[in-house]
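Reading through the structure tokens given below for one structure.
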Amino acid sequence: MKSGAFLKLMSCLTFLVACQSGANQQKLLPHDGKTEDSFGFSVAVDGTTALVGAFKADLKTVENAGAAYIFTLSKNGWIQEAKLVAEPAFKEDTLGGNVALKNNMAMLGVSRRDSHGKDAGAVITFEKQDDTWTQKQILTAMDGKAGDVFGQSIALTERFLVIGAPHSDAPHKDSGSAYVYTRKNDAWHFQTKLTAKDGAADDLFGISVAIDGNTILVGADLHDEIAPEAGAVYAYEFDGKQWLQQAKLLAKDGGDTDIFGVRVALQGNTALISARRDDIAGVGVDAGSAYIFERTEGKWVQIQKLTAPDAYADDRFARGVTLSKDTALISAMHHDVNSSNAGAVYVYKKHDGQWQYTSKIVAKDGKADDKFGWNLSLSNQHAIVAAPHRDDNGKSSGAVYMLDLESQTATNSNKDTDNNAKLN
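So this is what it looks like as structure tokens:
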């Protein structure tokens, strides 16, 4: 247990944090999981369907080709429905390193595929028809080059698909780009390429993407406007013909290597943005934070900065961020509540215009270095939390946990939450 871990455990009691150790959790493992598969490296949930990437899964003799698994909710809980693999599959493709899910459509990033040179990247689309998941398209950037890692991030609606290529030289080395596709005649067609107007070398624009309706967010976590690698997020709006930059979002108190924008979530007029390497005064280096921005009449404004009530140095709070209705989930993959780097997820609810901490969730069987919360996704009351470093089927074989937030009972009274959601 790292220095201070015991004090952090005690703080759960001292500050009335709801350390929920297992209520309403179901751990999922693939039927054929193996050592080093990293099942859960990426996750998505939409309604009663979940998608889990295992980007280092081997396919017979094809090493690290990658795979993804579909789970559906039945009366007996979540069950495995399908395993998705690429055709053709290649060594080191890492299919499933990033995933997105909407209705009966699944998008699987293959960011290490050598489509236009080594690690140029691709995205493979699957659709469910007549209860069968079938590969439909292989998407690559029309101007893709070696090292672009197209497919590093993916966001999806019924109408639009957004794919990040953060190492694209557009136009500067690793300045990054994002590609937008539209859905027509049951297929995806390229629409436009987004780049930052003020992009610079090594910004990594496209490291994260999110979309809701006619709005897209693109993270550039190494952007240097405020400070070296402080980060930025760009907001775009579709006017019916083209995507126009609406705003550039920056943390008011951004600092060196905060990497603001490394993860982004969007719902309606609310953006939740990760700065997981933010150094919190009185807490320590890389404790992490998340920022809430809201849009009113086309103007985006920072309204809150969220930190964990029991934060500690190197927790990396906001490793994962996700929004659904009035609920936000924020993970801290290095949190030590069970043991070193076991990980935790914090639940926030919006009440009277403010986001307030309500509870903390940890894996009921969490162990050291599980990194519960490596990634996460939320759809209404159903949440999926990844722990790709778990060893249930061998070292780093991986696992995910399904949570039912609606039936989950918090054990704290939610008193004294002012320090958990700081207004800036």
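Last residue of the sequence shown: 701 (this note's numbering), numbering continuous. All C-beta atoms, glycine included, are put in the ideal place defined by N, C-alpha and C. Fair warning: this is a prediction, and the values are worked out from it, not measured in the lab.
The region 360-375 and the region 318-325 touch, with no fewer than 3 CB-CB distances between them shorter than 8 Å.
Separation of Gly538 and Ser551 (C-alpha to C-alpha, rounded to the nearest whole angstrom) is 6 Å. In this structure, Leu471 is the residue among Gln519, Leu471, Ile347 and Leu521 with its C-alpha nearest to the C-alpha of Ala497. In the three-state DSSP reduction, Lys518 falls in the coil class, being neither helix nor strand. For Leu549, the beta-bridge partners assigned by DSSP are Ala542 and Ile569. Excluding sequence positions up to five before and after Ala542, its CB lies within less than 6 Å of the CB of Ala487, Leu549, Val598, Thr599 and Leu600, all in the same chain and listed in chain order.
In the DSSP annotation of this structure, the continuous segment of the beta strand (DSSP E) that includes Thr459 starts and ends at Ser454 to Lys461.
The residues Ile401, Thr402, Ala464 and Trp465, in chain order, have a CB closer than 8 Å to that of Gln414 in the same chain once the five nearest residues on each side in sequence are set aside. Excluding sequence positions up to five before and after Ile557, its CB lies within less than 7 Å of the CB of Ala564, Ser566, Thr584 and Ala588, all in the same chain and listed in chain order. Where Thr472 is concerned, there is no enclosing beta strand (DSSP E), because DSSP gives it neither an H nor an E. Excluding the 5 residues flanking it on each side, Leu350 has same chain C-beta neighbours closer than 6 Å at Thr325, in chain order. Here Arg593 carries a coil assignment [DSSP, helix/strand/coil]. Residue Val510 holds the alpha-carbon nearest to the alpha-carbon of Gln523 among Phe427, Val510 and Ile503.
Of the candidates Ala397, Lys648 and Asp489, the residue whose Cα lies closest to the Cα of Asp451 is Ala397. Contact between Thr417 and Phe427 holds, since their C-beta atoms are separated by about 7 Å, short of 8 Å. Residue environment for Met382: buried (at least 16 other C-beta atoms within 10 angstroms of its C-beta). Counting of Cβ neighbours within 10 angstroms places Met679 among the buried residues, the total reaching 16 or more. Taking the C-beta atoms as reference points, Gln581 is found nearer than 8 Å to Gln631.
Beta bridge pairing from DSSP links Thr604 with Ser601 and Lys626. For Ile488, the enclosing beta strand (DSSP E) covers residues Phe482 to Asp489. Nearest Cα to Ile569 within the set Lys529, Gly310 and Val562: Lys529. The closest CA to that of Gly453, considering only Lys352, Ile484 and Gln519, is found on Ile484.
Rounded to the nearest angstrom, the Cβ distance from Glu514 to Asn491 is 6 Å, consistent with a contact under 8 Å. DSSP places Asp556 outside both helix and strand once states are collapsed to three, so it counts as coil. DSSP, reduced to helix, strand and coil, places Thr434 outside both helices and strands of the structure shown, so it counts as coil.
Taken atom to atom, the span from the alpha-carbon of Ser430 to that of Ser388 is near 9 Å.
In the structure shown, the three-state DSSP call for Thr325 is coil.
Straight-line spacing of the CA atoms in Gly476 and Gly671 works out to 43 Å. In terms of Cα proximity to Ala590, the closest of Phe649, Lys576, Asp555 and Asn615 is Asp555. The beta carbons of Arg390 and Ala399 sit about 4 Å from each other, so the pair counts as a contact at 8 Å. In this structure His628 is exposed. Its beta-carbon is surrounded by fewer than 16 other beta-carbon atoms within 10 angstroms. Judged by their CB atoms, Phe348 and Val329 are nearer to each other than the 8 Å cut-off. In the DSSP assignment, Val339 falls outside any beta strand (DSSP E) and carries neither an H nor an E. Looking at the DSSP output, Ile661 sits in a beta bridge with Ser654 and Met679.
Closest in alpha carbon position to Asp669, among Asn657, Asp647 and Tyr346, is Asp647.
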